[in-house]
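Asks:
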Amino acid sequence: MSKRRVGARESNTIAYVVLTIGSVVMIFPFAWQLIMSLGTNADVISVPPSFWPSEFKPENYLNVFDRVPFLSQFWVSVGITVIRTVGQLVLCSMAGYAFARMYFPFKGVVLALILAILMVPPQVYLLPQYQIIQGLGWLNTVIGIAAPGIFSAFGTFMMRQFFMGLPPELEEAARLDGANQFQIFWKIMLPLAKPGLSALAIITVLWSWNDLLWPLIVATSAESMPLSAGIATLTSGRTITDYPMLLAAAMMAMAPVLILFLIMQRRVIDGVAFSGLK
Amino acid sequence: MTSSAVREAGVAAPAAAPAPPAGRGRRRGRSDLGWALVFVLPLFAGIALFYLWPIVRNLWFSFTEWGPFGDSEWVGLDNYIELAGDATMGRAILNTLGYTAMLLCGVPLAIYFASLLNRPGLRFANLFRTAFFLPYVAMPAAISMVWRIIYNGDFGILNYALSLIGIDGPSWLSTEGVALVAVALVGIWISLGFNLIILSAGMKGIPVELYEAASLDGATRWKQFTTITVPLLTPSIFFVSVMTVIAGFQVFDLLYALMGTQNPAIDKTQSVVYYFFTNIKTGDNGYAAAIGVVILLLVGIFTLLQFRLQKKWVTYV
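Protein sequence lines correspond, in order, to chains A and B.
For the first sequence, this note's numbering begins at 1400 and goes up steadily by one.
For the second sequence, this note's numbering begins at 44 and goes up steadily by one.
Structure representation (structure tokens):
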């Protein structure tokens, strides 16, 4: 008996060791990036590699604003993220509720048409989407980059699944009290749907902030790009010279989402797990 | 999702969702058509305009060739015939398959880490979970910056570490053949957190009594892992695998951000989505549209294949 307990404790020790090594591998690039973004170019390219700046240069962060239209790109990122997230929360929760709880002709067909999109890779609709945005005169605008992402088949499906899991009795009771569909949705169902809504919001924020392919196609001028495209084009073409400045720019580009994640890590992880399982 | 676009596409897995029975007939004859229009029409109008119609239109585009001024001409199957003989496309498909296969190697790793995280009595589990999840939320374009430096042939940390054990490492991201592996490693690093969370949730659903009974029978931890955990986890493993395949087929961000457009090895390393992107950028829209259709077919075939194969190895309790 005692031998077994010792054995169990020993293997948990191994678990700690393995998990710690794994965590270090996961975090190392972030930590090294943060440290080197405060150093000099010589620190970054030194052999053997350095893990601490020879001289602290926080001004790398300020240089970003001179070299890249960082602020305008930041606001583009914020704009498309807010528009898409608010849009999806409103549209997907309403449609999801209707698909879960209302009865109307061709409901199955309409839902099937929406779900079919989930099977289709983005490349299949990207080019015509580009033409629509071009036709509307929305190239290089925040609304143009955000537009298609406001409408989400995935979000609708997720919210539908969520509403189907809520007890119908609540709704019946409200109906007997004379509430109409909108009042039931707004006052009763939506407050209950908070976990679903926050999961959808988390997914949409992550995906909008980090999205690359579509912005690269719709936004061609540096000022109108979101940060993801701005950082990618900054590093993809020319030979890189000022590494610390680039690391600082990349750090600032991903910081908002990283900070949000670190503050709400429990919620974000649960939200992503939720979206995967529903 | 490696990439974010990938992530969005990656969630195409309604398979994991048990559809609750529709409450049809609960109120016979009731139709909420008026309200339904208010609730569904805004979304459906957007879906129809930005997704359904474009899918049809893209199919049409794939049969056309585009001139420099946006004029297009019907060329029938020409694009597809050209694609069939296009060595670059063939190479891009092979690269995409290879990349996806490498990405799948991350799944057993995720199973292993998830099983460690789910050990009873393990402390700091939340801290470990956060660490593993961090790469998944980071912007691929931004975090690629630091990986480029780690992979650098002259001053990269990776080659320095290898030199300590006497290995002379290559210039990882600009060497043909090696670059794809380097990109896939970052892909695994990013997707590990997501897979871990899904698998870990699946493991929580396995009844503790099974382990207790097995342990009374004297089964070792490894034996318990192979006879209880893995078989009962197959639905989650299947879900994660389908997601990984979809993400693998969509690889673009990482190639673009890690390798860059001027990289001498990019032509031999690019994926189908990357090739699609280059054709869009050069204005070969008809050809790009045809590539889109081919990607659709590839994803369709492989998803179907996975669903067929699942009958052989996925256990539903």
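Even for Gly, the Cβ is constructed at its ideal location relative to N, Cα and C.
Just to confirm before moving on: does the CB-CB distance between T358(B) and L147(B) stay below 7 angstroms?
Replies: Translated into positions along the second sequence, residue 358(B) becomes position 315. Translated into positions along the second sequence, residue 147(B) becomes position 104. Taking 7 angstroms as the Cβ cut-off, T358(B) and L147(B) do not qualify as a contacting pair.
Asks: Considering only C-alpha positions, which residue in the set P1590(A), P1643(A), L1645(A) and N1411(A) is nearest to P163(B)?
Replies: The count along the second sequence starts at 1 and reaches residue 163(B) at position 120. P163(B) has its Cα closest to that of N1411(A), out of P1590(A), P1643(A), L1645(A) and N1411(A).
Asks: For W1608(A), which residues in chain B fall below 7 angstroms Cβ to Cβ?
Replies: Within the first sequence, residue 1608(A) is the residue found at index 209, counting from 1. Within chain B, the residues near W1608(A) are M182.
Asks: Just by C-beta distance, which residues in the segment 1644-1658 of chain A are closer than 7 angstroms to chain B?
Replies: L1645, L1646, A1649, A1652, M1653, V1656 and L1657
Asks: Which residues of chain B have a Cβ atom closer than 7 angstroms to the Cβ of G1421(A), listed in chain order?
Replies: Here residue 1421(A) is taken as the residue at index 22 of the first sequence, counted from 1. Within chain B, the residues near G1421(A) are F156 and F175.
Asks: Using C-beta distances below 6 angstroms, list every residue in its chain close to S1492(A), excluding the 5 sequence neighbours before and after it, in chain order.
Replies: If you number the first sequence from 1, residue 1492(A) lands on position 93. If we look at S1492(A) and ignore the five residues flanking it on each side, its Cβ neighbours are M1558.
Asks: Rounded to whole angstroms, what's the CA-CA distance from G261(B) to G1495(A)? Just pull it up for me.
Replies: Position 218 of the second sequence, counted from the start, is the residue given in the question as residue 261(B). Position 96 of the first sequence, counted from the start, is the residue given in the question as residue 1495(A). Rounded to whole angstroms, G261(B) to G1495(A) spans 50 angstroms at the Cα level.
Asks: Might you give, ordered along the chain, the residues of its own chain that have their beta carbon closer than 7 angstroms to the beta carbon of W1451(A), omitting 5 neighbours on each side?
Replies: Locating residue 1451(A) in the first sequence gives position 52, counting from the first residue. Excluding sequence neighbours, W1451(A) sits near I1434.
Asks: Counting C-beta neighbours from all protein chains within 10 Å, is the total for N238(B) 16 or more, i.e. buried, or is it exposed?
Replies: Indexing the second sequence from 1 puts residue 238(B) at position 195. Under this definition N238(B) is a buried residue.
Asks: If we define contact as Cβ-Cβ less than 7 angstroms, is Y1460(A) a contact residue for chain B?
Replies: Counted from its first residue, the first sequence places residue 1460(A) at position 61. Cβ-Cβ to chain B under 7 angstroms: no for Y1460(A).
Asks: Around the Cβ of F350(B), are there at least 16 other Cβ atoms within 10 angstroms (buried) or fewer (exposed)?
Replies: In the second sequence, the residue the question calls residue 350(B) occupies position 307. By the neighbour-count rule (16 or more Cβ atoms within 10 Å), F350(B) is not buried but exposed.
Asks: Tell me which residues share the same chain as W117(B) and place their Cβ nearer than 7 angstroms to its Cβ, disregarding the 5 neighbours each side in the sequence.
Replies: Along the second sequence, one-based indexing puts residue 117(B) at 74. F106 and T107.
Asks: What residues match up with T107(B) in a beta bridge as DSSP calls it?
Replies: The residue given as residue 107(B) occupies position 64 in the second sequence. Answer is W117(B).
Asks: Which whole-angstrom value describes the C-beta separation of V336(B) and V1523(A), a residue pair presumed to lie in contact below a C-beta threshold of 8 angstroms?
Replies: Stepping through the second sequence from its first residue, residue 336(B) is reached at position 293. Stepping through the first sequence from its first residue, residue 1523(A) is reached at position 124. Rounded, the Cβ-Cβ distance is 7 angstroms, consistent with contact.
Asks: What alpha helix (DSSP H) runs, 4 residues minimum, are completely inside the segment 1552-1597 of chain A?
Replies: 1552-1563 and 1568-1575
Asks: Report yes or no: do the segment 252-259 of chain B and the segment 293-309 of chain B share at least 3 C-beta pairs separated by less than 8 angstroms?
Replies: no
Asks: Using a Cβ-Cβ distance cut-off of 7 angstroms, determine whether G68(B) contacts chain A.
Replies: Working through the second sequence from its first residue, we reach residue 68(B) at position 25. Note that G68(B) scores a pLDDT of 44, beneath 50, so its modelled location is shaky; the value from the coordinates is reported in the next line. Closer than 7 angstroms: no.
Asks: Could you tell me which chain B residues have their CB closer than 8 angstroms to the CB of L1490(A), listed as they occur along the chain?
Replies: What you label residue 1490(A) is simply residue 91 of the first sequence in a count that begins at 1. What L1490(A) touches in chain B: P85, L86 and G89.
Asks: If you measure between the beta carbons of A1497(A) and V83(B), is that distance less than 7 angstroms?
Replies: Your numbering for residue 1497(A) matches position 98 in the first sequence. Your numbering for residue 83(B) matches position 40 in the second sequence. Cβ distance < 7 angstroms, so A1497(A) and V83(B) count as in contact.
Asks: Determine whether the Cβ of S372(B) lies closer than 7 angstroms to any Cβ atom of chain A.
Replies: In this structure chain B extends from 44 to 360, so residue 372(B) is not present and cannot be described.
Asks: Rank Q1432(A), P1447(A), F1561(A) and T1632(A) by C-alpha distance to the C-alpha of Y203(B) and give the top, closest one.
Replies: Locating residue 203(B) in the second sequence gives position 160, where the first residue counts as 1. The candidate whose alpha carbon is nearest that of Y203(B) is P1447(A).
Asks: For the candidate residues I1444(A), Q1432(A), L1612(A) and G1564(A), whose alpha-carbon lies nearest to that of Y317(B)?
Replies: Within the second sequence, residue 317(B) is the residue found at index 274, counting from 1. Nearest C-alpha to Y317(B) among I1444(A), Q1432(A), L1612(A) and G1564(A): L1612(A).
Asks: Under the three-state reduction of DSSP, which class applies to Q313(B): helix, strand or coil?
Replies: Against the second sequence, residue 313(B) aligns to sequence position 270. DSSP places Q313(B) in coil when its eight states are reduced to three.
Asks: Any contact of the segment 1531-1542 of chain A with the segment 1609-1625 of chain A, i.e. 3+ C-beta pairs under 8 angstroms?
Replies: yes
Asks: Counting only Cβ pairs nearer than 8 angstroms, list the residues of chain B close to V1667(A).
Replies: Sequence index remark: in the first sequence, residue 1667(A) carries index 268 (1-based). Here the neighbours are F176 and V180.
Asks: Quick check: what's the CA-CA separation for G374(B) versus A1414(A)?
Replies: In the structure as shown, chain B starts at 44 and stops at 360, and residue 374(B) therefore has no counterpart that could be examined.
Asks: Which term fits N328(B), buried or exposed, when burial requires 16 or more other beta carbons within 10 angstroms of its beta carbon?
Replies: Within the second sequence, numbered from 1, the residue matching residue 328(B) stands at position 285. Label assigned to N328(B): buried.
Asks: Please report how far the alpha carbon of I1601(A) lies from the alpha carbon of P85(B), in whole angstroms.
Replies: Position 202 of the first sequence, counting from 1, holds the residue named residue 1601(A). Position 42 of the second sequence, counting from 1, holds the residue named residue 85(B). Cα to Cα, the separation comes out at about 22 angstroms.
Asks: Please look up how many angstroms separate the CB atoms of F87(B) and L1418(A), rounded, as I've assumed it's under 8 angstroms.
Replies: Translated into positions along the second sequence, residue 87(B) becomes position 44. Translated into positions along the first sequence, residue 1418(A) becomes position 19. Rounded, the Cβ-Cβ distance is 46 angstroms, inconsistent with contact.
Asks: Can the beta-carbon of F408(B) be found closer than 7 angstroms to that of I1420(A)?
Replies: In this structure chain B extends from 44 to 360, so residue 408(B) is not present and cannot be described.
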